[in-house]
Amino acid sequence: MLRSLPLTAESPHPLESIKRAFEDPAYWTTRLGAFEGGSPTLDSLDTDASGLTRVSMTMRFGGDQLPDPIRRLRLASLEIVQCEEWYPVGGTVRGEITVDAPRTPLSGRGAVELTPDGPGTHLTGTATVKVNVPLIGGTIATFVAGQLANGIVDVVAITDAWLSRQH
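Numbering of the sequence shown is given in this note's numbering, commencing with residue 124 and proceeding in unit increments.
Here's what the structure looks like:
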């Protein structure tokens, strides 16, 4: 089952400030610290000369931490690897987010564009989840797509709070 959801969010912070936050290890420490449940780790963070920022993180959940729709997969635990790439394109920043849960039928991706909007920034994009499970896959895909979409939009709130504390 494949499910996609549109994303939209607003930030009062300038696009350049958001991009700089994505390059800062302290930002990622704060972002992972805001994550509820699981045991998140920052696996890698790199920004090259072209402005491309690549980040990889892993979240681990015990079976008792899994939401009901995911428990239907009868997993003893769940590991989720999330990779993000943020790169400038003209006057915008694009993001590609991939989510993989090894040894499960779950995967997801997000495509995001950040554009200047007056003094702030506007986010648009799509979250897509694929669940290869007969019969219950649609229910799980809908739930996971909602979680992924909410997670991407929540990043804006976490980023806004972090940037507000920096000034």
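Just so you know, even glycine gets a beta-carbon here, dropped at the ideal spot from N, CA and C.
Distance from the CA atom of G214 to the CA atom of R226, rounded to whole angstroms, is 39 angstroms. Your pair T170 and E146 checks out as a contact, with CB atoms roughly 5 angstroms apart and the cut at 8 angstroms. Contact annotation: E207 and V235 have beta-carbon atoms that are not nearer than 7 angstroms.
Within 10 angstroms of the beta-carbon of Q289 lie fewer than 16 other beta-carbons, which makes it exposed. Judged by their CB atoms, G241 and P211 are not nearer to each other than the 7 angstroms cut-off. The DSSP-derived three-state label of P137 is coil. With distances taken between CA atoms, P129 lies nearest to L246 out of V278, L246 and F158. Annotation for L165: the continuous beta strand (DSSP E) segment containing it runs T164 to T170. A straight-line Cα-Cα distance of about 11 angstroms links S230 and I220. C-alpha of L237 to C-alpha of R126: approximately 22 angstroms in a straight line. In this structure, the straight-line span from the alpha carbon of T152 to that of V252 is close to 26 angstroms. Nearest neighbour of N255 by Cα position, chosen from V204, V279, P228 and G233, turns out to be P228. A157 has its alpha-carbon roughly 14 angstroms from the corresponding atom of P148.
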